[in-house]
Amino acid sequence: MTIKSSPFDTQSAALAGQLEAKAISAGHAPGMADSTIAGIAKTHDLMIITHNTKHFSPFGVSVAMPDEVLQFV
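The numbering used here numbers the first residue of the sequence shown as 934 and each following residue consecutively.
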């Protein structure tokens, strides 16, 4: 299994701000860290693997629990 790191570039930062604003306007309080992670994932077309899937649902990004992903490794 390969684990790759993706940069927090200007495109990811701009998208993170847009995603956070959209989540806040929908009544969520996501926080900057989750918004940043979501922005990076969406910019680079990546899936977020986490036990806290509910934190990322307001962003409309691909997210899965670790157990779900391990089935395919």
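All C-beta atoms in this analysis are idealised placements derived from N, C-alpha and C, irrespective of residue type, glycine included.
Because the structure is a prediction, the values reported are computed rather than measured.
Check	Outcome
Expressed to the nearest angstrom, what Euclidean distance is found between the alpha-carbon atoms of His984 and Val1002?	12 Å
Go ahead and label Thr1016 buried or exposed: buried means 16 or more other beta carbons lie within 10 angstroms of its beta carbon, across all protein chains shown.	This structure does not reach residue 1016, given that the chain is present from 934 up to 1006, and the question cannot be answered.
With H, G and I counted as helix, E and B as strand and the rest as coil, what does DSSP make of Ile981?	strand
Assuming Ser968 and Leu979 are in contact, meaning their beta carbons sit under 8 Å apart, how far apart are those beta carbons, in whole angstroms?	No, Ser968 and Leu979 are not in contact; Cβ-Cβ is about 15 Å, not under 8 Å.
Closer than 7 Å by C-beta to Ser945: which residues in its own chain qualify, once you throw out the five before and the five after it? Chain order, please.	Gly972, Ile973 and Thr976
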